[in-house]
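Comments concern the structure below.
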Amino acid sequence: MKTKFKGILTLFLAFVVQISFAQERTISGTVSDASGVLPGVSILIKGTNKGISSDFDGKFKIKAKTGDILVFSYVGFKSIEKKVGLSNTLNITMTEDSSVLDEIVVTALGGKKAKRSLGYGTQKVSGEQITEARAENALSSLSGKVAGVTINTNSGNLGGSARIVLRGVGSITQSNTPLIVVDGIPLDNSNFNTRSTQQGGGGRDFGDAGFDVNPDDIESMNVLKGGAAAALYGSRAVNGVILITTKSGKEGKSSITINSGFSFSDVAVSPKIQRLYGGGSGDPATIGQSTFATQNINGTTYKLVDYATDESWGPRFDPNQKVLHWDSFDPEFASDYLKPRAWVAPKTSLDDFYETGISLNNSVIFTKGSEKSTMRLSVSNTKTTGIVPNSEINKTTVGFKGSSKISDNLDINASVNFSLTKGTNRPEIGYAGGSVIQKFYQFGQTQLDYNRLKNYQLIDGTQRTWNRVAWDNPSIRYSDNPYWIVNKYLSDDTRTRWYGTIGGKYKFSNEFYATGKIYADTYSFLVNQTVAKGSSDQSSAQKDNRTFIELNYEALIHFDKNFFNEKLTLSSFFGGNTRTANRTRLSATTNGGLVVDDIYNLSNSVDPATTTNFNSEIRLNSLLGSVSLGYDNFIFLNLTGRNDWTSTLPTNNNSYFYPSVNASLVFSELIESDWLNYGKFRGGWAKVGNDTDPYRLINTFDVRQPFQNSSRFSQPGSKLNPNLKPENKDTWEVGLEMGFFRNRLTFDLTYYNEVTSDLITPVQIDPSTGFTSKFTNGGKLKNTGIEALVNITPVKTEDFKWDVTWNFSKNNNKLIELTEGVSALVLGSFPFQGVTLNAVVGKPYGIIRGTNFVFDDNGNKVLEKGRYLRTKNQEDLGSILPDYNMGLRNNFNYKGFNLSFLIDHQKGGVYRSLTNVWGNYSGILEQTAINNIREDGVIQPGVNGTVTYDPNDNSKYTVSNTSPNTTVISAQQQGQDYFIRSAAASVFKADYFKLREITFGYTVPKKWLGNNITGLRISTFARNVFTWGLDNENFDPEVATSGSGNIQGSEGGSLPSTKTFGVNVQLKF
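In mature numbering (1 follows the signal peptide of the UniProt record, and there is no 0), the protein residues as written are -22 to -1, 1 to 1047.
Now the structure itself:
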């Protein structure tokens, strides 16, 4: 009986165990490392797509059966596999993996390598850092975060461009912007700002490729700074590469993510206006009060404001003084008609004209994945209104990315992205009739209440303006009504962009495989601009249509193998690429104005419309290869080579080879130390080239507008060169990377040297040849610099972590030589005063030249009759390039809370402000009325003296017989000297400190959420919060940026910079 009982009991226990093995139950526990809990650890049931992540406290719960294997994985740690036993509790301690401490980074052509194996500098910015503070242009999010990267963008330009330069300017006439690559797809980053706009004249900023990328799709941005990093991309990567990796679907259950955000923008830094004196032309020779004109109207004599002038040198405000204002003559203001009102500053300010810019962004993302395939689909929309009334941008993007394992040997992947951006009335900037900045800060009258101008049309439809020809003639004299400008100087633009790739990988064996892909980038860009009749500018209609299509075909053969018991690793590939790019432009504009108002059709032109038709084609064939060797995970050597054959250069010069070599030594592998975790020496060398634009070899005739049914042709002013060669850049760098105290302190130091030779430049030639210039190879430009990146974790506990990141870069730029016999080259001409931007031998790129003050031997400014003298010749007033840039980011994490802030600093560089010139000349700016100078006059500091110029060289002079200046001049004379006298008076240092970003967010614990909600995060942000350390308090130096071209440093009438505050909500299912 006892034996039978034991048999029955054994059978019962086996049955219970079998049931327990077959039943799912909840397994819970905590994942941690040596210093505390680990949030976000991936926990997956092996062999399935079922998985979860640990919460912020490192805790997890997962349903599993006895015998299931749980796989725990986390970046930077060794993966752990644990079999589910009888216990329902499973606590895991993970250990750091020394082989991934330096992370995996994306390299050229989409390759992925351990950072320890690289012999060049690279820096990654995560997608979270890009979306948390959510700049309009994704590329602008790099500001202050990456060493060696200079980014300038005017935040006031709705949907504006970002100018990005890596390690200094390397070319005078060719592009200096890095190649933008999204998932291996090079994006054309052309900027369509006109030369006039770049120089400070009128125009609109239509943005660049960075605006077409959806920030919510970005996994990371990796910046390849040096030639060794980017040589495999060929000539287009001569200025470095910004690799954008987008998010992919992941193995596991399907998920839906909804992002929704709201932000508002207001003026941050704007010119300061004086509010003590009103409109009038004044008398420069008179010190003291201006007076009002009088006018007899219907037998009554009135004092009235001089509204025919657009200056503010009029009488001081006095509430007891009653005068007729501009609207006193407008019958539609019946209650004020011919009724004098007090002479006072308006209750409103110019800032009241600006509206609060509103941005709404929403996106939905769907992901799905299994062991064999993954996909991600995103749809987003962003609608933004600008600070200037009646301006708006609406952007819609759709992105798809998928991969599939067709068989054990064949994988395929594909992505397609669509972007549709519609801009309505992007504000005109610069010195132009359609610029409201010109009407506010360069010319105007300070007593104006612009609210009374909102009804911008008279009964007959003509413009209502304050700037009347005369009291009884309401026609416009100089300045349009700003509300007329935003409603009658109209613009609409549409950019439609598609870019994508399809590729595959076929594995012949574990070591030998082939990859191939086709990728494309194509867009169309249509702009319509109109000016109504009755404006200060001539009425017009303009249409401009541009298209671009680029196709790339790439095939590579790869061979990877390990030798000597896995100690020696070899990774290599060889292949080819064919690239074709077609660009077209068709534009037309009316001539002589419009025949009939409000019909904006080319056929409504008074004279025949002017048309322009342009088409260009480029073909580039390439062979490329790479060999990477590593030994025992501590010493690495990388060799690459690429040869391009281009259609833009003559056959005898159209082939050029780009070699590179880089190596690294991880010396920490040779040292046993508790305090040193990581140490690496690295170095790299490369030779890369810079191609030229198409059709620069042989002169052809341009077809002109027919004259009386006769065809006309013209010849360009520049003589082209059939022997043109590519520019060549020789670059090398060395670096040191260190990590201490379990990587609580790390730093990355780099020194680089880059020399560009055979610069493509236009050289002046004798006009008797029929040309004014000729393109030629000649010149040398050098950049040397240092970069530093330091990461510190001062505090790290179970619940709290504080991280500090500091980056610093200093670049020294010098033009070594130009073509023989040429010492300087004019790159651009800024409006008025003969101010130019130049390349000068022996100086940094971008020297602003203009008339300077005359100085004595002690550095005192020299005056004559109380007014500053100016030099007879143009002098160097400084370079637009900064001396150094620096960023400091602090990041605090406490449980689910996160707080970070970023300070961005630039030192050095100069810019020229045309608004400062005219704002002083017209008596608008605050400095024209400080310290009672309009009543008392002003004695300008300096000395009187005799100036004697060298009869053979006007750039040389001597000053003698000096004595302190005691001559009093009028404030108006002082203000007008900003235009009449030295151009240097309006050239300012471009220094600034900025509180660039603040973010604060909270990730809601999953236990507080419903069963179907897997994540909820709420965050707030502020951008461009505060700016200080300005040489010119009227402007943020970044507003002297217009597009991504080489002509920079001119503020011709820029919109004020803006500060932005917003909130984002992310919900996951």
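In this text, a Cβ means the ideal position worked out from N, Cα and C, and glycines have one as well.
Note that the structure is predicted; figures quoted are calculated from it, not measured.
The beta carbon of glycine 178 sits closer than 8 Å to those of Gly408, Tyr409, Phe808, Pro809, Arg890, Leu892, Ser1020, Ser1028, Glu1029, Gly1030, Gly1031, all from its chain and outside the five residues before and after it, given in chain order. Inside the stretch 696 to 751, DSSP marks whole beta strand (DSSP E) runs of 3 or more residues at positions 705 to 718, 723 to 735, 738 to 742, from first to last along the chain. In the DSSP assignment, glutamine 1 forms no beta bridge with any residue.
For threonine 67, the closest C-alpha among the options Asn836, Val1043, Val9 is that of Val9. Taken through DSSP and simplified to helix, strand or coil, aspartate 261 comes out as coil. Assignment of glycine 239 by DSSP, reduced to helix, strand and coil, places it in the strand class. Runs of the beta strand (DSSP E) lying entirely within the stretch 116 to 170 and spanning at least 3 residues, in chain order: 127 to 130, 141 to 144, 157 to 160, 163 to 165. Bridge pairing for arginine 475: Ser397, Tyr501 [DSSP]. The DSSP assignment places 949 to 958 as complete runs of the alpha helix (DSSP H) inside the stretch 946 to 1000, in order along the chain (cut-off: 4 residues). Annotated as proximal: glycine 218 and arginine 145, with beta-carbon spacing under 8 Å. Going by C-alpha positions, glycine 481 is about 13 Å away from leucine 87. Uninterrupted alpha helix (DSSP H) stretches at least 4 residues long and entirely within the stretch 864 to 935 occur at 892 to 899, 911 to 914, given in chain order. Here DSSP, grouped into helix, strand and coil, assigns leucine 1033 to coil. CA-to-CA, the gap between alanine 664 and glycine 205 works out to about 5 Å. Beta-bridge pairing by DSSP links arginine 557 to Asn530, Leu598. Taking C-alpha positions only, aspartate 955 is separated from tyrosine 899 by approximately 7 Å. Collapsing the DSSP output to three states places isoleucine 108 in a helix. Looking at the DSSP output, glutamine 101 shares a beta bridge with Val201. In chain order, Ser259 place their CB closer than 6 Å to the CB of threonine 287, counting only its own chain and leaving out the 5 sequence neighbours on each side. Relative to phenylalanine 635, the option among Leu601, Asn154, Ser226 whose CA is nearest is Leu601. The residue from Ser232, Asp329, Arg430 with its alpha-carbon nearest to that of serine 348 is Ser232.
Taking 3 residues as the shortest admissible run, the stretch 306 to 382 contains the following complete beta strand (DSSP E) segments, listed from N- to C-terminal end: 319 to 321, 335 to 347, 351 to 363. Distances from the alpha-carbon of alanine 949 to those of Ile911, Lys985, Tyr935, Ile958 put Ile911 closest. Contact fails between the stretch 975 to 988 and the stretch 830 to 848, because fewer than three Cβ pairs, one in each stretch, are under 8 Å apart. Note that the C-beta distance between serine 119 and threonine 131 is not below 8 Å. By the neighbour-count criterion, in which a residue is buried when 16 or more other Cβ atoms sit within 10 angstroms of its Cβ, glutamine 267 is exposed.
In this chain, the alpha helix (DSSP H) harbouring valine 464 covers 460 to 466.
Counting only residues of its own chain and dropping the five nearest sequence neighbours on each side, isoleucine 496 has a CB closer than 8 Å to the CB of Thr479, Ile480, Gly481, Leu529, Asn530, Tyr531, Glu532.
In terms of Cα proximity to threonine 500, the closest of Ala125, Ile535, Ala559, Ser453 is Ala559. For leucine 702, the CB contacts under 8 Å within the same chain, skipping 5 residues up- and downstream, are Leu627, Pro628, Asn631, Thr670, Arg674, Leu675, Ile738, Phe753, Thr754, Asn755 in chain order. By DSSP's assignment, leucine 580 forms no beta bridge with any residue. Between the alpha carbons of proline 745 and valine 800 lies a gap of roughly 17 Å. Annotated as proximal: lysine 760 and isoleucine 794, with beta-carbon spacing under 8 Å.
For arginine 173, no beta strand (DSSP E) encloses it; the enclosing alpha helix (DSSP H) starts and ends at 173 to 176. With contact defined as three or more Cβ pairs closer than 8 Å, the stretch 269 to 286 and the stretch 372 to 389 are not in contact. Residue pairing by DSSP places phenylalanine 786 opposite Ala766, Met864 in a beta bridge.
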